[in-house]
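J.: Structure below; questions to follow.
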Amino acid sequence: MSEVKRIARIAAPWPFDAYAHIISRIADEDGGGYLITFPDLPGCMADGQTEAEAVENGRDAFAATVSALTDMGRDIPSPTFVPDDMTAFEASGKFLTRVPKSIHARLSTRAKAEDVSLNTLVLTFIAEGLSRREKHV
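Under this note's numbering, think of the first position of the sequence shown as 36, with each following residue one higher.
Spelled out as structure tokens, the structure:
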């Protein structure tokens, strides 16, 4: 019987939030839930029954990937975009994102209920989220 090698948990050179991640809905026929992947870290992925659970499990997968790469003597890929380095690209003030239809419907309903545009509502949520995150960093 082979032994499982235990590797030390290594601190990543960049934080989890510096790495882009994609959350996708898993089809019900495939078990449902959500899948999180990291374009800058091929093979790093996790899932969960909710988006929040997928992100939490993604944090564990991120830490495990960084530790495994370090243990194997490989470089940790740098994130495509580092939040503290706005010179990484010229920000135009526009970006396109895709969301599941259910989230789009919920956002649209909420925007109508609050009598604001969908753009205004989403921008408000983003600003609130960034503000909360900056208080915890």
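From the three backbone atoms N, C-alpha and C, an ideal C-beta is built for every residue, glycine too. Because the structure is a prediction, the values reported are computed rather than measured.
1. What did DSSP end up calling R167 once you bin it into helix, strand or coil?
2. In this structure, how does DSSP classify A162 when only helix, strand and coil are distinguished?
3. Since L113 contacts W49 with CB under 8 angstroms, what's their CB separation in whole angstroms?
4. What's the gap between the Cα of E38 and the Cα of N92?
5. Quick check on H139: buried or exposed, where buried means 16 or more other Cβ atoms within 10 Å of its Cβ?
6. Taking 8 angstroms as the cut-off, decide whether the C-beta atoms of T100 and I45 are in contact.
7. Start and end of the alpha helix (DSSP H) containing G93?
8. Consult DSSP for I138 and reduce its assignment to one of helix, strand or coil.
9. Can you give the Cα-Cα distance for A81 and L70, rounded to whole angstroms?
10. For the beta strand (DSSP E) holding S59, just list the boundary residues, first then last.
11. Quick check on DSSP: helix, strand or coil for R145?
12. In the DSSP assignment, find the beta strand (DSSP E) that holds L70 and state where it starts and stops.
T.: For this structure:
1. Of the three classes helix, strand and coil, the one that applies to R167 here is helix, per DSSP.
2. Here A162 sits in helix by DSSP.
3. According to the sequence displayed, residue 113 carries Ser and not Leu. Yes, S113 and W49 are in contact; Cβ-Cβ is about 7 angstroms, under 8 angstroms.
4. So the two alpha carbons sit approximately 25 angstroms from each other.
5. Flag for H139 reads exposed.
6. The criterion of a C-beta distance shorter than 8 angstroms is not satisfied by T100 and I45.
7. Secondary structure note for G93: its alpha helix (DSSP H) is the uninterrupted segment 86-106.
8. The answer is helix: DSSP assigns I138 an H, G or I state.
9. Cα to Cα, the separation comes out at about 6 angstroms.
10. Per DSSP, S59 is one residue of the beta strand (DSSP E) stretching across 57-60.
11. DSSP, reduced to helix, strand and coil, places R145 within a helical segment of the structure shown.
12. In the DSSP assignment, L70 falls within the beta strand (DSSP E) that extends over 69-72.
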